[in-house]
Each structure stands twice: as structure tokens, then as C-alpha cells.
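Undergrad: Please see the structure below; I have some questions.
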Amino acid sequence: EMADRGFPLTHQDLQTEVNSILRARLGAAFLGVGKRWTGRFIEKYHDRLKMFWSSSLEEKRGRAVNPNTNKRYFELLGDNIRVTVAPIDPELIYGCNEVGFMLSRGSKRLVIGARNRSIQHQQEDRGRENTTVIVTICADGTATKPTVIFKGSAFNLNWNQENPAQASFAHSEKGWTDGEIGVAWIQDFHEQTKRKAQERTRLLLVDGHNSHYTQGFLRFAREHRIHVFCYPAHGTHVYQGLDVVIFAPLKQYWTQEKDAYYRRTRKRITKSNFLLIYGTA
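Start counting the sequence shown at 1; every next residue gets the next number (UniProt numbering).
Following this line, the structure appears as C-alpha cells:
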């Protein structure tokens with residue numbers, strides 16, 4: 001089932017998941033299954049399972065989008081939409097993705113300068129820190145409130161600021177999504193969409209980031225009738241609607257708004273004013 005949804009497991013992945021399940025049942029003292037357990041498991045269910053060799057990243061990228069992949073992807077997507085007695089309604093089909101924003105103002109832009117100069121520099125602040133935003137859109141054209149992930153080891157009271165987009169926010173050491181944030185995010189997604197769902201099944205399309213297939217993430221999704229489906233590996237540039245349609249204009253408006261904010265206030269763009277600028281953009 002995980003492979004069909006775009007999350008094939010390695011031997012190590014399978015062993016980790018099995019050990020987690022058994023420790024939950026038998027207690028933390030359980031030492032784990034043996035090194036050969038996964039191989040014997042696959043042999044036992046050889047009529048349903050088989051191993052595949054992965055190809056190089058470059059080869060995967062070159063072969064990611066082709067007629068066979070395209071056909072299989074939409075077949076699986078259709079199967080997931082029709083997983084219930086009645087097909088899942090568009091108002092319950094969601095796609096999510098992460099996008100990063102640099103807090104500095106520096107970017108190459110068309111600007112006006114003196115004719116006798118060969119290059120025109122634009123003043124920028126020196127902050128090069130990345131902030132991640134998780135954006136979720138629905139097939140009916142609506143969107144949930146975003147989640148913003150700041151880089152930091154602890155919550156800072158200065159982050160509590162004007163928040164036009166009503167975003168929730170979290171923090172991690174590198175400013176990226178991790179397994180813990182992934183579970184918190186899907187819980188927030190459920191809270192924002194459960195009233196609209198009214199106990200009906202929701203379909204959530206995601207990329208292959210490891211935060212989307214942790215045991216906690218998938219268990220919560222299953223318990224709350226959220227079907228998780230993954231885009232084809234290395235094909236998000238074609239299939240991921242947020243990458244294709246939303247993020248380019250969002251980045252453009254973000255750049256315009258942070259430049260306007262700097263010119264208006266002469267203040268650096270930091271985590272303390274990020275939510276204001278992002279929400280306005």
C-alpha cells in the first residue's frame with residue numbers, strides 16, 4: 001500500500017517500522033527483530049512483494065515524467081479518489097508543499113541607474129537565513145492557513161507578531177520540516193478541515209519528504225480518514241500544482257512586499273516581521 005502511494009520502504013525502513021510497532025506492544029525492552037527478519041518476511045510473502053534496485057538520481061530525473069509514469073500516476077490517483085463508495089469530492093482533495101524564503105533583500109532585478117555605469121548595485125541586508133512555509137490548497141480553490149517554520153532551537157517571544165495570514169508557526173534547528181513538525185502539521189490540517197469534511201474521507205497529496213511518511217503521520221491520517229498520496233518521485237515540477245502555479249507568483253509578491261517594507265521602514269527583514277510581510281504578500 002505504501003509503495004502504491006509513492007512511499008516504497010527500504011529494508012531499514014521496514015525494520016524500523018516493525019520494531020516501533022512491537023515495542024508499542026511488548027514494551028521498550030524489546031531489542032528489535034533480527035537483521036535477516038525483513039528478508040524472510042519478503043520471502044514469505046513473495047506472491048505480493050518483491051525487491052527493486054534503485055537507479056541513479058540523474059537517471060531518475062531524466063526518466064521521471066514519461067507516458068508510462070504519467071498513465072500509472074493518474075490510474076493510482078483515480079483509485080485513491082474512488083477509494084470510498086462515492087468518489088472523494090474536489091472540496092476534500094488537498095495538495096501541500098513547502099516553500100523557502102530568504103530573509104535578505106538581495107535578488108537580481110531590473111533597476112534604473114546612471115547611464116555611464118556598467119553595473120548597478122542594490123543595497124541589501126546581510127541576513128541569509130531561510131524560513132520554510134507549508135502551503136496547502138484545495139481542488140475547490142480554497143486554502144488552509146499556512147504553517148511557518150523558523151530556524152531556532154526554542155520559541156522566541158519576538159516571533160509573536162502581526163499575522164495577517166493567521167499562520168501557525170513552529171521551529172526547528174535548520175528551519176526545515178522534520179518528523180515531529182510533520183505530525184503537528186497534519187493534526188493542524190485535520191482541525192482546519194474536519195468541519196468541512198463532516199466525517200467524509202479527505203485526500204492529501206504530498207511529495208516524498210520523509211516527514212510525510214513517519215509512523216505518527218500516517219497513523220494519524222488513517223485514524224482520521226485522511227488518505228495520503230505521493231507525487232511521482234522527481235516529478236513534482238510537472239504534477240505538483242503549488243510548484244507549477246502558485247509559488248512563482250508568491251515569490252514575486254514576496255520580493256515586492258519585502259522591498260517595499262524595507263524602503264518604508266528601513267528595518268531588516270527578520271523572523272520578528274516575517275509573518276506581517278508574508279501575510280501581506
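We put the CB at the ideal spot given by N, CA and C, even for glycine.
Helix, strand or coil, according to DSSP, for Asn158 in the structure here?
TA: If DSSP states are grouped into helix, strand and coil, Asn158 belongs with the helices.
Undergrad: Assuming Thr131 and Phe150 are in contact, meaning their beta carbons sit under 8 Å apart, how far apart are those beta carbons, in whole angstroms?
TA: With a Cβ gap of about 6 Å, Thr131 and Phe150 count as contacting.
Undergrad: Alpha carbon to alpha carbon, how far is Phe217 from Thr280?
TA: Phe217 and Thr280: Cα-Cα distance of roughly 31 Å.
Undergrad: Taking the alpha-carbon positions, what's the Asp188 to Ala260 distance?
TA: Roughly 32 Å separates the two Cα atoms.
Undergrad: Using DSSP with H/G/I as helix, E/B as strand and the rest coil, what is Gly113?
TA: Only weak support is given to the placement of Gly113: the predicted model assigns it a pLDDT of 45, under 50, and the question is left unresolved by the model.
Undergrad: Report yes if the C-beta distance between Glu129 and Thr177 is below 8 Å; otherwise report no.
TA: Taking 8 Å as the Cβ cut-off, Glu129 and Thr177 do not qualify as a contacting pair.
Undergrad: With 16 other CB atoms within 10 Å as the buried threshold, where does His46 fall?
TA: It is exposed - the Cβ of His46 has fewer than 16 other Cβ atoms within 10 Å.
Undergrad: Ignoring anything shorter than 4 residues or poking outside the region 11-59, list the alpha helix (DSSP H) runs there in chain order.
TA: Correct list: 11-26, 37-44.
Undergrad: Measuring CB atoms only, is the region 90-97 touching the region 203-219, in the sense that at least three cross pairs come out at less than 8 Å?
TA: Cβ pair count under 8 Å is three or more, so yes.
Undergrad: Please state the DSSP three-state secondary structure of Tyr213.
TA: Tyr213 falls in the coil class under three-state DSSP.
Undergrad: With three or more beta-carbon pairs closer than 8 Å as the criterion, would you say the region 268-276 touches the region 160-178?
TA: In short, these stretches touch, since the Cβ pair count reaches three.
Undergrad: In three-state terms, what does DSSP make of Lys145?
TA: Coil.
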